[in-house]
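To start, the structure under review is shown below, and the notes come after it.
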Amino acid sequence: MNINASLFMQCIVFLALAGFVMKYIWPPLINAIDARRTQIAEGLAAAERANLEQAQAQDSAKILLTEAKAQATDIIGNAQKRATDSIEQSKEDAKIEGKKQIAAALDQIQLERNRATESLRKDVASLSILAASKIISQEIDEKSHAKLIDELVAQL
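Sequence positions in the sequence shown follow my numbering and run 15 to 170.
Below, the structure is given as C-alpha cells:
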C-alpha cells in the first residue's frame, strides 16, 4: 500500500501543480504569445503595405520622370523653334533693311546724277551762249575761231 499511497500523493501533487500552472502561469504565457503573434502579424502587414507603397511610389516616380522628360523635350523643342524663327525673322528683317538701304542709295545716286546732268546742261548752255556771243561779236576767221575755241576749252 505504500506504493499506492505515494502514487496517490504524487497524483494529488501533480494535479495541484497542474491546476496552479493552468490558473496562474498558463494565461499570462498565452497572453504574451498572442500579443507577440499579433505584433508579428501587424509587422508583416505593415511590411507588405510598405512594399506596396514603395512599388506605387516607384511607379509614380517613373511616370513623373517620363512626364518631366517629355516636358523638357517639348520645352527644348519650343526653344529651338523660337530661336530658329527668331534667326529667320532677323535674317528677313536684315534683307528688307538691306534692300531699303540699297534703294535709298540708288535713289540718292539717281538724284546726284540728275543734279550733275542738270548742272552740266546749265554750264554747257551758258558756255554755248558765251561762245555764241563771242563769235557774233568778233569776225569769224580761222585764226580767231581757233583762239576762241581754245579759250572756251580752257574755261571748261
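Glycine included, each C-beta is placed from N, C-alpha and C at the ideal position.
Contact defined as beta carbons within less than 8 Å: I believe residue i pairs with residue j. What is the distance between those atoms, to the nearest angstrom?
i: residue 145; j: residue 162; result: 7 Å
i: residue 169; j: residue 125; result: Wrong, their Cβ atoms sit about 27 Å apart, outside the cutoff.
For residue i and residue j, I'd like the C-alpha separation in whole angstroms.
i: residue 100; j: residue 132; result: 47 Å
i: residue 75; j: residue 67; result: 12 Å
i: residue 15; j: residue 24; result: Unreliable placement is indicated for residue 15, whose pLDDT of 49 sits below 50; the coordinate value is still reported in the next sentence. Residue 15 and residue 24: Cα-Cα distance of roughly 14 Å.
i: residue 111; j: residue 71; result: 58 Å
i: residue 117; j: residue 104; result: 20 Å
i: residue 94; j: residue 102; result: 12 Å
i: residue 19; j: residue 27; result: 12 Å
i: residue 34; j: residue 58; result: 35 Å
i: residue 122; j: residue 113; result: 14 Å
i: residue 54; j: residue 32; result: 30 Å
i: residue 73; j: residue 107; result: 50 Å
i: residue 160; j: residue 167; result: 10 Å
i: residue 38; j: residue 52; result: 22 Å
i: residue 48; j: residue 41; result: 10 Å
Under the three-state reduction of DSSP, which class applies to residue i: helix, strand or coil?
i: residue 15; result: Bear in mind that a pLDDT of 49 at residue 15, under 50, signals an unreliable position, so the number given afterwards is only what the model happens to contain. Three-state result, residue 15: coil.
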